[in-house]
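Structure first, commentary second.
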Amino acid sequence: MNKKFLSAILFGALMVSSTGTFVSCKDYDDDIDNLQGQIDGVKTQIAELESKIKEGKYITSVTQTENGLTFTMNDGQTYNVTNGKDGAQGEPGAAGDKVVIDEATGAIIINDKETGYFAVKNTETGKVVVPTIDKDGFWCLVNEKGELEQTSFKASPISAVQDPNTKAWTLRVWNTETKAYDEIELPTAASLITELEVLGYCINGNLTEAQTGIKYNFKRIDGLTEDLKKWNKEEGVKKVSDKQVLSTLSASNSSLLIRVAPATVDASAFSFTMINSQMKEAPIVLDAPEAYEELLVRASVSGNGLWSIPTSAKEGETYDSDNAYIANFKKGNKTIAFALKENNGFATNYDLTFEYNSNISLDAKVEKVNGNPVVSSKATERDKESLQASNLEVNKVNVGQVNITIDKPIYDAHLHIDDATIQRWNITDINGTSFKVGKRPDDITSANFQVHVHYVTLKGEVKNEWIPMTVAKSFAGQTVLTNTDHMIKAKVADDKFSVSLDKMFTDLANNAALWKSDVVKATTQLYQVGTDNGKDKLIDTPENVTFQIQNKDNGDVTNQDTKNATKFSANFAQNWPATGEDYALDKEYYVLVSFLAENSDVLNTVKVPFTMNIPELSTFLVKQQGVFNGTNDGTAYIFSKDYNVADNNVIAMQYDLTYGFVKLAEKLKPAEATPTTLTFKTNGYINGDDQNAEGAIVGLAAMSQATKGTVILTQENVSASDAILMAKSGKNSKVYGKKFVIEVDDAKYVGKYAYSDDDKNAQKFTITMKSPIKEGSISAADGSKSISIDATDQQKIVESKFLAKTYSTAGTKYELFPSDNTKKNNTIYGWISYNENGTITITSKDDKVLKVTEIKNTTETTDDTEGSEGYVKVEPVNPAYDTTGDITVTVKDVWGFTISQDITINIKR
Numbered sequence: 016m017n018k019k020f021l022s023a024i025l026f027g028a029l030m031v032s033s034t035g036t037f038v039s040c041k042d043y044d045d046d047i048d049n050l051q052g053q054i055d056g057v058k059t060q061i062a063e064l065e066s067k068i069k070e071g072k073y074i075t076s077v078t079q080t081e082n083g084l085t086f087t088m089n090d091g092q093t094y095n096v097t098n099g100k101d102g103a104q105g106e107p108g109a110a111g112d113k114v115v116i117d118e119a120t121g122a123i124i125i126n127d128k129e130t131g132y133f134a135v136k137n138t139e140t141g142k143v144v145v146p147t148i149d150k151d152g153f154w155c156l157v158n159e160k161g162e163l164e165q166t167s168f169k170a171s172p173i174s175a176v177q178d179p180n181t182k183a184w185t186l187r188v189w190n191t192e193t194k195a196y197d198e199i200e201l202p203t204a205a206s207l208i209t210e211l212e213v214l215g216y217c218i219n220g221n222l223t224e225a226q227t228g229i230k231y232n233f234k235r236i237d238g239l240t241e242d243l244k245k246w247n248k249e250e251g252v253k254k255v256s257d258k259q260v261l262s263t264l265s266a267s268n269s270s271l272l273i274r275v276a277p278a279t280v281d282a283s284a285f286s287f288t289m290i291n292s293q294m295k296e297a298p299i300v301l302d303a304p305e306a307y308e309e310l311l312v313r314a315s316v317s318g319n320g321l322w323s324i325p326t327s328a329k330e331g332e333t334y335d336s337d338n339a340y341i342a343n344f345k346k347g348n349k350t351i352a353f354a355l356k357e358n359n360g361f362a363t364n365y366d367l368t369f370e371y372n373s374n375i376s377l378d379a380k381v382e383k384v385n386g387n388p389v390v391s392s393k394a395t396e397r398d399k400e401s402l403q404a405s406n407l408e409v410n411k412v413n414v415g416q417v418n419i420t421i422d423k424p425i426y427d428a429h430l431h432i433d434d435a436t437i438q439r440w441n442i443t444d445i446n447g448t449s450f451k452v453g454k455r456p457d458d459i460t461s462a463n464f465q466v467h468v469h470y471v472t473l474k475g476e477v478k479n480e481w482i483p484m485t486v487a488k489s490f491a492g493q494t495v496l497t498n499t500d501h502m503i504k505a506k507v508a509d510d511k512f513s514v515s516l517d518k519m520f521t522d523l524a525n526n527a528a529l530w531k532s533d534v535v536k537a538t539t540q541l542y543q544v545g546t547d548n549g550k551d552k553l554i555d556t557p558e559n560v561t562f563q564i565q566n567k568d569n570g571d572v573t574n575q576d577t578k579n580a581t582k583f584s585a586n587f588a589q590n591w592p593a594t595g596e597d598y599a600l601d602k603e604y605y606v607l608v609s610f611l612a613e614n615s616d617v618l619n620t621v622k623v624p625f626t627m628n629i630p631e632l633s634t635f636l637v638k639q640q641g642v643f644n645g646t647n648d649g650t651a652y653i654f655s656k657d658y659n660v661a662d663n664n665v666i667a668m669q670y671d672l673t674y675g676f677v678k679l680a681e682k683l684k685p686a687e688a689t690p691t692t693l694t695f696k697t698n699g700y701i702n703g704d705d706q707n708a709e710g711a712i713v714g715l716a717a718m719s720q721a722t723k724g725t726v727i728l729t730q731e732n733v734s735a736s737d738a739i740l741m742a743k744s745g746k747n748s749k750v751y752g753k754k755f756v757i758e759v760d761d762a763k764y765v766g767k768y769a770y771s772d773d774d775k776n777a778q779k780f781t782i783t784m785k786s787p788i789k790e791g792s793i794s795a796a797d798g799s800k801s802i803s804i805d806a807t808d809q810q811k812i813v814e815s816k817f818l819a820k821t822y823s824t825a826g827t828k829y830e831l832f833p834s835d836n837t838k839k840n841n842t843i844y845g846w847i848s849y850n851e852n853g854t855i856t857i858t859s860k861d862d863k864v865l866k867v868t869e870i871k872n873t874t875e876t877t878d879d880t881e882g883s884e885g886y887v888k889v890e891p892v893n894p895a896y897d898t899t900g901d902i903t904v905t906v907k908d909v910w911g912f913t914i915s916q917d918i919t920i921n922i923k924r
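In this note's numbering, the protein residues as written are 16 to 924.
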C-alpha cells in the first residue's frame with residue numbers, strides 16, 4: 016500500500032483527548048494477574064529510567080527484545096524493561112510493543128511490521144494523532160471520521176509509542192494493582208529542544224556575527240574553460256558545470272553556526288533545512304551538525320550548545336543569469352527571510368537574510384602549512400636540482416598529520432604527490448589538502464619533496480601550487496601533562512612545583528632510546544590559553560621565574576645531559592607578576608617544552624598546563640562559632656583595655672576584632688613566611704547607613720599604636736590582626752546593641768597579590784557590642800530568685816547563697832563580694848565598677864519591711880587573722896515574726912551599664 020496520511024475532518028472532544036499522550040483503562044482477565052511476579056520487577060526498571068531522565072538524559076533508540084523493550088540513552092547506557100514472553104490475556108504475543116508512525120506515509124508500524132492501519136492528521140493543527148489502547152486492550156486509532164476505531168492488534172503489557180510530532184516516546188506499563196496503564200514520557204534529543212538560534216556564517220573559521228544580512232559573493236560559470244574541462248576529467252573531484260554558481264555560501268570549509276538549547280542536547284543526529292515563508296528551500300545543503308569547540312569571541316552568546324552545520328551547494332542546479340541566482344535571496348527590492356528548520360518540526364524565526372556583496376574576494380592561495388606561513392610556493396613544478404638546492408627555503412613538517420590551508424573559500428581542492436615520495440616518507444591518508452607522514456629521516460638522507468596543491472577558486476579558475484617540504488628529525492605527537500593547580504606559597508622557598516615526564520616516555524614508546532640518542536637540549540615558552548583572538552598567546556617568562564628540565568637528583572639538564580630528564584620544574588619564588596592581563600590569576604597557562612636535536616630540529620614537545628591561584632580570602636577570616644554562630648552577624652562582648660579613653664570614669668566600649676576569627680594573626684603572619692596584608696574599615700554608622708541621624712559613633716583603632724589613656728580612632732586601613740572596634744567618647748549608650756558594618760579595606764596575599772572587590776565584599780560582617788556584665792545574670796545559688804536564711808545567721812546572706820554569671824546563664828561565674836586578691840587575679844572584676852568602699856550596690860525594695868545594713872567583701876585568711884566569706888547583712892523591721900522582703904542587687908560595669916536583679920529574702924525566726 017502506498018496510502019498517505021488520512022485527513023480527519025470531524026474533531027470533537029475525542030480528538031482533543033487523543034492527540035499527544037493518552038491515559039486508557041483496560042480490564043485484563045485473571046490470566047494477566049498471573050504475571051504479577053514479572054510486572055513487579057518492572058517497577059525497579061522504570062525507576063532507573065525515570066532517574067536518568069531527571070538527570071537530563073534522553074532516549075536515542077528503542078529496541079524490541081524477547082523479554083520486553085531496551086532503551087538506549089545518550090550516554091550509551093541501556094535499560095531493559097522486561098515482562099516475560101507471553102502477551103496479554105495469556106495469548107502468544109510480544110513481551111513489549113514498539114509503535115512508530117512512518118513520517119512519509121502515515122503507516123502505523125508495530126514491532127517493525129506494518130499493520131495496514133494509518134494515522135490521521137488534525138486538519139487544524141497539522142499534527143498526527145497517536146494510537147492509544149482501548150478498555151479491551153487493543154490498539155486503537157482515530158479514523159478519518161474522527162472516531163476512535165479498534166484495530167485487530169492486542170497491546171502488550173509494556174509498550175513504547177513515539178509521537179511523530181515531537182519525537183518523544185511514551186512508555187506504558189500495565190499496573191495490575193490499579194488495573195490501568197502507568198505512563199512515562201521519555202524525551203529524545205529532538206523533543207528536548209527549547210530554543211534554536213542562528214548566530215551567523217562561519218567561513219574558514221571566521222564567524223560572520225550578523226544573524227541578518229549575511230554577505231555573500233558568487234561567480235556563475237559562463238562556458239567551461241579548458242582548465243575546467245581537464246579538472247572534470249580527474250577522478251574524485253567535484254565537477255563544475257556550465258552555468259553553475261560558485262558561491263561563498265556553499266564553499267569548501269563554510270558552515271552555519273547555531274546554538275541549541277538546552278546545551279545538553281546532542282544535535283549531531285539532527286537534520287536541518289533552510290526555508291523561506293513559502294517553505295521553499297534555499298539553494299544550500301546543510302550537512303550533519305558538528306560540535307563547535309572553538310572559542311566564540313562574542314560576549315552576548317554562551318559557548319554552550321554551539322554547533323556548526325557544514326554547507327554545500329545543491330548539485331545540478333544551474334542558472335541562466337546572475338539575477339536568477341540572486342532571486343533565491345531577494346525578490347525585487349525586498350530581502351527574503353529564511354528560517355532554520357529541524358526536520359522534526361522545530362524552527363527558528365524568519366530572521367536569517369543574505370546580502371549580495373561583489374567586493375568579497377573570490378580568489379585564493381595557499382596560506383599555511385601546519386599553521387605556519389607557507390614558504391617558496393610556486394605555480395610550476397621544480398626540477399630535482401632546484402628542489403634540493405641548499406638555499407631553498409622549505410616548509411618543515413613532522414612525522415604525523417600535515418595540513419595545508421588555503422586563505423579564502425574555494426570550490427574544491429586535492430593533492431598530487433608522486434609515488435616515490437609517498438613510498439620514501441610512508442605518506443598515507445591523503446584527504447583534501449591534508450596527509451600523514453609516517454617516516455622520520457635517517458642520519459644520512461634528509462631529502463626535500465614537493466606537494467602539488469590543485470584547486471578551483473570561487474572565480475572558477477583552476478590553480479596549481481607546488482609546496483616544497485622537508486621532514487624534521489622529530490617524533491610524532493605532543494605530550495600533554497596533567498594540569499597543575501598551583502597555589503602560590505607563603506614561604507618563598509616552597510613556591511614551586513614539579514611534574515614527572517613519565518607520560519612523555521610512555522608516548523615515545525619504542526622511540527625512547529632514539530630520543531635519548533638524539534636530544535641535546537630543551538627550550539621553554541610560556542603561553543596564556545585562548546586570549547589572542549581565541550588562540551593561545553605567547554608571553555614573556557616573568558623575571559626570576561625559572562622553568563627547568565631536571566634529572567632524578569633535581570639537577571638542571573635543560574641545556575646539557577638532557578637525555579637524563581625525568582621531570583619538569585617550575586620555580587616561582589613569589590615572582591609571578593601581581594599585575595598585567597598576561598599574568599592574571601583567573602587565566603590558564605602552559606609551558607611548551609621543545610626538545611631539540613643537534614640541528615635544532617624539534618624532536619618532540621611537552622605541554623605543561625597550570626593555573627596560578629592564591630588562597631581564598633575566606634581562609635584567613637574563619638569566623639568563630641561563638642561570636643558569629645554560622646552567620647555574618649557577630650555579637651561581641653566588650654572587655655577593658657588600659658589604654659581606653661575614659662569619659663567621666665566611663666570607658667569607651669570596644670572589641671578586639673581578632674577574637675572574632677580563628678587564629679587570624681597566625682594565618683596573616685605565619686612563621687618564616689611572607690605576611691599577608693589585610694586591613695579593615697567601617698563608616699561608623701549604625702547598620703552602615705550613612706544617612707543615620709546618629710552619625711559616625713564608632714571607629715577602628717590599632718592596638719599597637721595606642722598608649723595608655725590615648726587611642727586614635729580612624730574609619731579605615733587598620734590591620735586586621737591589630738584592630739579594635741571602639742565607640743566614640745560619650746557614645747556608649749548609642750552604640751550598645753547596635754550593628755556596625757566592618758569591611759575589608761585592602762587585602763594582598765603575601766603582601767603582593769590583591770584580592771578583588773568581589774572577594775573583599777564577600778567578607779563583609781557586622782559586630783554588635785554588648786556588656787558581659789549587663790547581659791549576664793544574678794540569682795540565688797540554686798538558680799531561683801529566692802533565698803531563705805535563719806535569724807540565727809545574724810541575717811547575713813553570704814556569697815555562697817548567690818550565683819552571678821557573665822553573658823548569660825551559660826556564662827562564667829563571678830563573685831558579688833570578691834576579696835582584693837580575687838579582684839587582682841581575674842579579668843572579670845576589671846569589668847566591674849565598684850563603689851568607693853570597693854563593693855557593689857545592694858538596696859532594699861521596701862525599707863519598712865527590710866533594711867540593708869552592711870555589705871562586706873570576702874577577707875582571706877592570713878597569719879594574723881582568720882578570713883571570712885563576703886556577705887550582705889539585712890535587718891527585718893519587725894523581728895517578732897518570719898519576714899519576707901526583697902532586695903535589689905546591682906552590678907555596674909566600667910562602660911556605664913548595669914544589671915539589677917530583685918531577690919526575695921525569707922528570714923525565719
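Ideal placement from N, C-alpha and C gives every residue a C-beta, glycine not left out.
Any idea if residue i is buried or exposed, counting beta-carbon neighbours within 10 angstroms, 16 or more meaning buried?
i    : result
P107 : At P107 the pLDDT is 38, less than 50, meaning the model places this residue with poor confidence and gives no usable figure here.
V38  : Caution is warranted here: a pLDDT of 31 is assigned to V38, below 50, making its placement in the model unreliable, and no coordinate value can be reported.
V887 : buried
Q706 : exposed
G549 : exposed
G91  : exposed
M294 : exposed
K923 : exposed
A103 : Confidence is the limiting factor: at A103 the pLDDT is only 41, short of 50, which leaves the residue's position unreliable and the question unanswerable from this model.
Which residue or residues does DSSP assign as beta-bridge partners of residue i?
i    : result
Q640 : Note: Q640 sits in no beta bridge, so no partner.
Y371 : Y231
D901 : T919
W189 : Y196
State the start and end residues of the unbroken beta strand (DSSP E) segment that holds residue i.
i    : result
I432 : Neither: I432 is in no beta strand (DSSP E) and is coded neither H nor E.
S794 : S792 to A795
T626 : V617 to N628
Which residue wins for smallest C-alpha separation from residue i, given the options the options?
i    : options                   : result
A688 : A508, K245, G885 and D242 : A508
K474 : L186, N374 and I666       : N374
L516 : E198, K578 and D500       : K578
K567 : G91, N348 and V514        : V514
L211 : K169, R274 and E192       : R274
F364 : A435, N291 and R397       : According to the sequence shown, residue 364 is Asn rather than Phe. Out of A435, N291 and R397, N291 has the C-alpha closest to the C-alpha of N364.
N747 : R924, N850 and T913       : T913
V560 : V544, Q589 and T546       : Q589
E192 : A777, K58, L600 and N776  : K58
G826 : Y652, G900, K749 and Y426 : Y652
E162 : K136, T181 and R187       : K136
So, using beta-carbon positions, are residue i and residue j closer together than 9 Å?
i    : j    : result
N698 : K753 : no
V765 : T691 : yes
T368 : I229 : yes
T538 : M519 : no
L831 : A796 : no
First and last residue of the alpha helix (DSSP H) that includes residue i?
i    : result
A354 : Counting along the chain, A354 falls outside any alpha helix (DSSP H), though it belongs to the beta strand (DSSP E) covering F353 to E357.
S736 : Looking at the DSSP string, S736 is not in any alpha helix (DSSP H), and its letter there is neither H nor E.
N418 : No alpha helix (DSSP H) holds N418; the beta strand (DSSP E) holding it covers G415 to I421.
Y822 : Y822 -> no alpha helix (DSSP H), and no H or E assigned at all.
Sorry if obvious, but does the Cβ on residue i come closer than 8 Å to a heavy atom of the ligand HEM?
i    : result
D862 : As presented, the structure is devoid of all ligands, the ligand HEM included, so that no description of it is given.
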